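Structure, as structure tokens:
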Amino acid sequence: MARLASLSPFVTGARASNVNYLGAPRCRHKFQLYYPNGFDDEVYQVAERGVKERANLEWNTELNAPAYRRLLARGEYGRIVDIAMRVEARCNLLFSFEKMALRDAVKAPADTRLFATALYAFLYGRGSPQRKFEAWIAALGTLPRRKSRVLTWPLVTVFGQIARPDSHLFLKPMVTRKAARAYGYDFDYEATPSWPVYRDLQTFAAILQRDLDRKPGFRARDMIDIQSFIWVQGSAEYER
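For the sequence shown, the residue numbers in our numbering are 813 to 1052.
If you want it as structure tokens, here you go:
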């Protein structure tokens, strides 16, 4: 698996690298209450990282860029959707209603094709991160809505982290906002998916990477570690 890319270009202005966040020690302490050895902890590997890492390995076995292109060339859009949803189910990042919203939205052949081609462009296509992210949002926004919306932050970001944890981060809104508050980071969140919000999420991730890399056992391998750190801070699962 690729090492987490440097995200320093996102750390700019008032959030430059010399800024210290008052909640950082408290957040690390909370993480170590459950996983004393940080990201090197064996229990952490089993409880948090392992299942997400296996999902990434499965994705890169079946939907790496060349394999994905071959499926697109053969018009096997439904198979792409089936693989994507099966792999996500391994790590269970989405709620059941979010999974159903996506499944309902891609029942028609044209919608299946749109989803499959837009996801490839987002993950593997050419262009700037902003352009690819905005095109991905636009594609999801055109899919039909039945009971639940498709254009939500979890659905926009889940496949990015599964496929490309070297550069993409999953956004669970309530958990991430709570984690940012605990850390002392003013996350500029809005419910409607947009590039400025995702860029700010990447800035938060870059700051976490910078701060955690300085501590023994906390050198993040990829966004799986960063997202897991956020999850421990904000999830009710980790409230005592």
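Cβ coordinates follow ideal geometry from the N, Cα and C atoms, glycine included. Since this is a predicted model, take the numbers as computed values, not measurements.
- Message: If distances are taken between C-alpha atoms only, which option among 904, 914, 1031 comes closest to residue 893?
- Response: 914
- residue 847 to residue 1031 span [Cα, whole Å]: Straight-line Cα distance between these residues: approximately 14 Å.
- For residue 981 versus residue 963, is the C-beta distance shorter than 7 Å? Against a cut-off of 7 Å, the Cβ pair of residue 963 and residue 981 comes out as no contact.
- Which class does residue 888 belong to by DSSP, given the choice of helix, strand or coil? coil
- Message: Runs of 4 residues minimum, wholly inside the segment 1014 to 1048: which ones carry the alpha helix (DSSP H) assignment?
- Response: 1035 to 1046
- Item | Pairwise C-alpha distance: residue 881 and residue 1045 | In a straight line, the C-alpha of residue 1045 is about 38 Å away from that of residue 881.
- If we ignore side chains and look at the alpha-carbon of each, how far apart do residue 856 and residue 1041 end up? 10 Å
- Item | C-alpha gap between residue 967 and residue 896, whole angstroms | 12 Å
- Item | Cβ-based burial, residue 1000 [other Cβ within 10 Å; buried from 16] | Around the CB of residue 1000, fewer than 16 other CB atoms lie within 10 Å, so the residue is classed as exposed.
- Query: With residue 902 and residue 870 assumed to form a contact (beta carbons below 8 Å), what rounded beta-carbon distance in angstroms separates them?
  - Reply: 7 Å
- Message: My assumption, with CB atoms under 8 Å, is that residue 1043 sits in contact with residue 1005. Please give the rounded CB distance.
- Response: Contact flag wrong, Cβ pair sits at about 20 Å.
- Would residue 974 pass as a contact of residue 867 if the rule is Cβ separation under 7 Å? yes
- Query: Going by alpha carbons, who is nearest to residue 959 out of 860, 884, 910, 935?
  - Reply: It is 910 whose Cα lies nearest to the Cα of residue 959.
- In chain order, what residues of the same chain lie with their CB nearer than 8 Å to the CB of residue 1035, ignoring the 5 residues before and after it? 816, 973, 977, 978, 979, 980, 981, 982, 1017
- Name the residue from 1010, 918, 916 whose alpha carbon lies nearest to the alpha carbon of residue 944. With respect to the C-alpha of residue 944, the residue from 1010, 918, 916 having the closest C-alpha is 1010.
- Item | Neighbourhood of residue 955 by C-beta, 6 Å cutoff - its chain only, sequence neighbours within 5 removed | Scanning its chain for C-beta atoms nearer than 6 Å, with the 5 sequence neighbours on each side dropped, one finds around residue 955 the residues 917, 923, 962, in chain order.
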